[in-house]
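Notes for the one structure printed next.
Here it is, written out as structure tokens:
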């Protein structure tokens, strides 16, 4: 019959093996996150270049590729992620360019429907984060400190837009510029409440990885702008 000493030694060995396995798994997950994040970011940057050159069809295909990559490989991408919303907004803007500059007839109708659906998906993400109080809180898989310990990194190529500025962008394009309805009034009222509260708290952004950043509203996103839009939609 094994002695208590041998049992204790075997248990410690098992605990050490389990700890090593957890550490290796965490290192692998971190490596995969950074690798897939780099790939995701590069695709969106290439898409942005195509969009700037007027090649909006190519941009949309690349943005769809990035979103699929995120859905399959980026942690919490499908859980109301700012990173996913970021890509959806880029795609919505490219679809808007197609509808404005290239499409006609049935293609125009289909493009506008896809654009509206894309912006709505992004808006749903922001509304969920606003309602649960995390519109100014960044997950550690959305923004993290890089290996240098000096700079922040993210799967999104334009981290300054993540969160509130992207939120205001989708409201500007999808809500304020759309047809007035009880739903648009509700969304604009929520936007104004969020902005007033955020400004009263110093417009800071909380990072799950540690630290606080100073946030911005972006150009033309003040309370007066949204109050005017709300009055237009209430008439």
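Numbering (the working numbering), first residue to last: 12 to 246. The C-beta atom is built at its ideal place from N, Cα and C for all residues, glycine as well.
DSSP places residue 106 outside any beta strand (DSSP E); the residue lies instead in the alpha helix (DSSP H), whose first and last residues are 93-112. According to the DSSP assignment, residue 218 belongs to the beta strand (DSSP E) that extends over 215-218. Using a Cβ distance threshold of 8 angstroms, residue 175 and residue 129 do not count as a contacting pair. In this model, residue 235 and residue 104 are separated by some 24 angstroms (Cα to Cα). For the pair residue 131 and residue 196, the CB atoms are not nearer than the 8 angstroms cut-off.
DSSP places residue 199 in the uninterrupted alpha helix (DSSP H) bounded by 193-211. Beyond the five residues adjoining it in sequence on each side, residue 203 comes within less than 7 angstroms, by CB distance, of 234, 237, 238, 241 in the same chain, given in chain order.
Distances from the CA of residue 135 to each of 99, 114, 169, 71 were compared; the closest alpha carbon is that of 99. For residue 234, the enclosing alpha helix (DSSP H) covers residues 234-245. Here DSSP, grouped into helix, strand and coil, assigns residue 80 to helix.
The beta carbon of residue 191 is closer than 8 angstroms to those of 243, 244, 245, 246 in its chain, skipping five residues each way along the sequence. A check of alpha carbon separations from residue 95 across 160, 74, 106 identifies 74 as the nearest. By the neighbour-count definition (other C-beta atoms within 10 Å, threshold 16), residue 115 is an exposed residue. Residue pairing by DSSP puts residue 224 in a beta bridge opposite 216. The alpha-carbon separation between residue 65 and residue 216 amounts to approximately 34 angstroms.
In this structure residue 140 is buried. Its beta-carbon is surrounded by 16 or more other beta-carbon atoms within 10 angstroms.
With distances taken between CA atoms, residue 44 lies nearest to 80 out of 60, 70, 80, 59. From the listed residues 159, 154, 201, the smallest Cα separation to residue 86 is found for 154.
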